[in-house]
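13 is the number of the first residue of the sequence shown in our numbering; add one for each residue after it.
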Amino acid sequence: MSRDRDDEPIIIREKWGTNRYVYNPNNPIGVALIIGSLLFAVGGIYYLHASSSWSEGELSDAVRVAARDLEEHPRTLGSWTGGYESLIRDALKDSGEGPSAGGVLHVDKRTATSATPADKAGDSVERFEVSAKDVDAAFCLSVSPPEPEPGLTSVTVSLSVSVEEGGC
(Lines of atoms letter the chains of each structure in order from A and count residues from 1; the text may use other names and numbers.)
(Lines give C-alpha, C1' and ligand atoms only; values in the text may rest on other atoms or scores of the structure.)
Protein backbone atom coordinates (compact mmCIF):
# COMPACT_ATOMS: atom_id res chain seq x y z
CA MET A 1 0.00 0.00 0.00
CA SER A 2 1.44 3.37 -0.99
CA ARG A 3 1.35 6.44 1.23
CA ASP A 4 -0.44 9.55 0.06
CA ARG A 5 1.73 12.69 -0.26
CA ASP A 6 -0.43 14.40 2.38
CA ASP A 7 0.43 11.62 4.86
CA GLU A 8 4.15 12.42 4.64
CA PRO A 9 5.57 14.40 7.61
CA ILE A 10 6.45 18.06 6.99
CA ILE A 11 9.87 17.77 8.62
CA ILE A 12 12.04 14.65 8.41
CA ARG A 13 15.43 13.54 9.62
CA GLU A 14 18.11 13.94 6.95
CA LYS A 15 19.42 10.64 5.62
CA TRP A 16 22.91 11.80 4.65
CA GLY A 17 24.85 11.31 7.87
CA THR A 18 24.29 14.56 9.77
CA ASN A 19 21.00 13.56 11.40
CA ARG A 20 19.63 17.12 11.00
CA TYR A 21 15.95 17.86 10.48
CA VAL A 22 14.97 19.23 7.05
CA TYR A 23 11.79 20.12 5.19
CA ASN A 24 10.31 17.12 3.45
CA PRO A 25 10.08 17.68 -0.33
CA ASN A 26 7.53 14.83 -0.53
CA ASN A 27 4.97 16.87 1.43
CA PRO A 28 3.20 19.86 -0.26
CA ILE A 29 3.68 22.01 2.85
CA GLY A 30 7.37 21.02 2.96
CA VAL A 31 7.76 22.11 -0.66
CA ALA A 32 6.02 25.42 0.14
CA LEU A 33 8.38 25.97 3.09
CA ILE A 34 11.43 25.23 0.93
CA ILE A 35 10.29 27.70 -1.75
CA GLY A 36 9.28 30.27 0.88
CA SER A 37 12.70 30.04 2.56
CA LEU A 38 14.46 30.63 -0.74
CA LEU A 39 12.25 33.61 -1.60
CA PHE A 40 12.81 35.08 1.87
CA ALA A 41 16.60 34.76 1.48
CA VAL A 42 16.58 36.35 -2.00
CA GLY A 43 14.38 39.21 -0.73
CA GLY A 44 16.73 39.82 2.20
CA ILE A 45 19.77 39.96 -0.05
CA TYR A 46 18.00 42.37 -2.42
CA TYR A 47 16.98 44.61 0.50
CA LEU A 48 20.55 44.73 1.83
CA HIS A 49 21.88 45.64 -1.60
CA ALA A 50 19.25 48.33 -2.16
CA SER A 51 19.85 49.89 1.26
CA SER A 52 23.60 50.16 0.63
CA SER A 53 23.36 52.04 -2.68
CA TRP A 54 23.50 55.80 -3.09
CA SER A 55 20.96 57.68 -5.16
CA GLU A 56 21.83 60.86 -7.04
CA GLY A 57 19.67 62.95 -4.70
CA GLU A 58 21.26 61.46 -1.58
CA LEU A 59 24.76 62.15 -2.91
CA SER A 60 23.85 65.72 -3.84
CA ASP A 61 22.34 66.38 -0.40
CA ALA A 62 25.32 64.80 1.38
CA VAL A 63 27.83 66.89 -0.57
CA ARG A 64 25.97 70.15 0.12
CA VAL A 65 25.51 69.39 3.84
CA ALA A 66 29.18 68.39 4.15
CA ALA A 67 30.35 71.58 2.38
CA ARG A 68 28.21 73.72 4.68
CA ASP A 69 29.53 71.87 7.75
CA LEU A 70 33.15 72.24 6.64
CA GLU A 71 32.69 76.01 6.26
CA GLU A 72 30.85 76.51 9.56
CA HIS A 73 33.43 75.01 11.90
CA PRO A 74 37.19 75.68 11.93
CA ARG A 75 39.19 72.44 11.57
CA THR A 76 42.39 71.40 13.26
CA LEU A 77 44.85 69.66 11.00
CA GLY A 78 47.92 67.74 12.05
CA SER A 79 49.96 64.81 10.85
CA TRP A 80 47.36 62.42 12.33
CA THR A 81 44.24 63.81 10.60
CA GLY A 82 44.82 62.72 7.03
CA GLY A 83 44.29 66.14 5.47
CA TYR A 84 41.41 67.61 3.49
CA GLU A 85 40.48 64.35 1.78
CA SER A 86 39.87 62.73 5.15
CA LEU A 87 37.95 65.79 6.42
CA ILE A 88 35.65 65.68 3.39
CA ARG A 89 35.06 61.94 3.74
CA ASP A 90 34.21 62.34 7.45
CA ALA A 91 31.89 65.29 6.74
CA LEU A 92 30.05 63.22 4.11
CA LYS A 93 29.58 60.34 6.57
CA ASP A 94 28.44 62.75 9.31
CA SER A 95 25.96 64.51 7.00
CA GLY A 96 23.18 62.06 7.87
CA GLU A 97 22.43 61.58 4.18
CA GLY A 98 22.85 58.47 2.09
CA PRO A 99 22.13 54.79 2.51
CA SER A 100 21.75 53.33 5.99
CA ALA A 101 24.19 50.51 5.30
CA GLY A 102 27.07 52.67 4.09
CA GLY A 103 27.57 52.57 0.37
CA VAL A 104 30.82 53.17 -1.46
CA LEU A 105 31.96 56.80 -1.66
CA HIS A 106 34.99 58.05 -3.58
CA VAL A 107 36.79 61.26 -2.62
CA ASP A 108 39.70 61.92 -4.97
CA LYS A 109 42.05 64.90 -5.00
CA ARG A 110 42.31 66.38 -8.48
CA THR A 111 45.06 68.49 -9.94
CA ALA A 112 44.07 71.73 -11.62
CA THR A 113 44.24 71.50 -15.40
CA SER A 114 43.00 75.01 -16.11
CA ALA A 115 42.76 78.28 -14.27
CA THR A 116 39.42 79.10 -12.66
CA PRO A 117 38.20 82.60 -11.71
CA ALA A 118 39.44 81.96 -8.15
CA ASP A 119 42.90 81.04 -9.44
CA LYS A 120 43.05 84.16 -11.61
CA ALA A 121 42.17 86.31 -8.61
CA GLY A 122 45.19 84.95 -6.77
CA ASP A 123 43.27 82.62 -4.45
CA SER A 124 44.66 79.12 -4.56
CA VAL A 125 42.21 76.23 -4.24
CA GLU A 126 42.38 72.48 -4.07
CA ARG A 127 39.78 70.34 -5.84
CA PHE A 128 38.24 67.08 -4.72
CA GLU A 129 35.90 64.97 -6.80
CA VAL A 130 33.15 63.18 -4.88
CA SER A 131 31.32 60.27 -6.48
CA ALA A 132 29.57 57.08 -5.43
CA LYS A 133 29.77 53.57 -6.83
CA ASP A 134 26.12 53.31 -7.90
CA VAL A 135 25.59 56.88 -9.19
CA ASP A 136 26.67 58.46 -12.47
CA ALA A 137 26.78 61.96 -10.94
CA ALA A 138 29.94 63.52 -9.52
CA PHE A 139 30.58 66.73 -7.63
CA CYS A 140 33.65 68.93 -7.52
CA LEU A 141 34.50 70.56 -4.20
CA SER A 142 36.88 73.51 -4.40
CA VAL A 143 38.51 74.06 -1.02
CA SER A 144 40.61 77.01 0.07
CA PRO A 145 43.05 77.78 1.60
CA PRO A 146 45.32 75.06 0.25
CA GLU A 147 46.13 72.23 2.60
CA PRO A 148 49.10 73.11 4.84
CA GLU A 149 52.25 71.04 4.53
CA PRO A 150 52.17 68.07 6.91
CA GLY A 151 54.18 68.69 10.01
CA LEU A 152 54.43 67.88 13.67
CA THR A 153 52.39 70.89 14.80
CA SER A 154 48.64 71.23 14.46
CA VAL A 155 47.10 74.06 12.46
CA THR A 156 43.53 75.39 12.73
CA VAL A 157 42.01 76.46 9.41
CA SER A 158 38.71 78.02 8.40
CA LEU A 159 37.72 76.52 5.07
CA SER A 160 35.88 78.02 2.16
CA VAL A 161 34.16 75.31 0.10
CA SER A 162 32.27 75.63 -3.17
CA VAL A 163 30.36 72.82 -4.86
CA GLU A 164 29.96 72.35 -8.60
CA GLU A 165 28.01 69.60 -10.30
CA GLY A 166 30.11 67.40 -12.53
CA GLY A 167 33.63 66.12 -12.21
CA CYS A 168 36.65 68.30 -11.64
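Here a beta-carbon is modelled for each residue, glycine too, at the ideal position from N, C-alpha and C. The model shown is predicted, which means the values in this text are computed figures rather than measured ones.
When beta bridges are read from the DSSP output, Ile23 appears opposite Tyr35. Note that the segment 71-78 touches the segment 134-153; at least 3 beta-carbon pairs, one per stretch, sit closer than 8 Å. Within the model, the alpha-carbon separation for Ser156 versus Leu171 is close to 6 Å. Listed in chain order, the non-local C-beta contacts of Asn31 below 7 Å within the same chain comprise Arg25, local neighbours out to five positions each way being set aside. Selection Val167, Val169, Thr165 and Ala149 evaluated against Val75 yields Ala149 as nearest (Cα-Cα). Beta-bridge annotation (DSSP): His118 is paired with Ser143.
In this model, Ser98 and Gly55 are separated by some 35 Å (Cα to Cα).
In this structure, the CA atom of Ser174 is about 22 Å from the CA atom of Trp66.
Burial check for Ala78: the Cβ neighbour count within 10 Å reaches 16 or more, so the residue is buried. Between Glu138 and Asp102, the alpha-carbon positions lie close to 17 Å from each other. Ser136 is not a Cβ neighbour of Pro160, given a cutoff of 8 Å.
DSSP places Leu71 within a helical segment (H, G or I) once states are collapsed to three.
Phe151 counts as buried, since no fewer than 16 other beta carbons sit within 10 angstroms of its beta carbon.
If you draw a straight line from the Cα of Leu50 to the Cα of Leu104, it is about 36 Å long.
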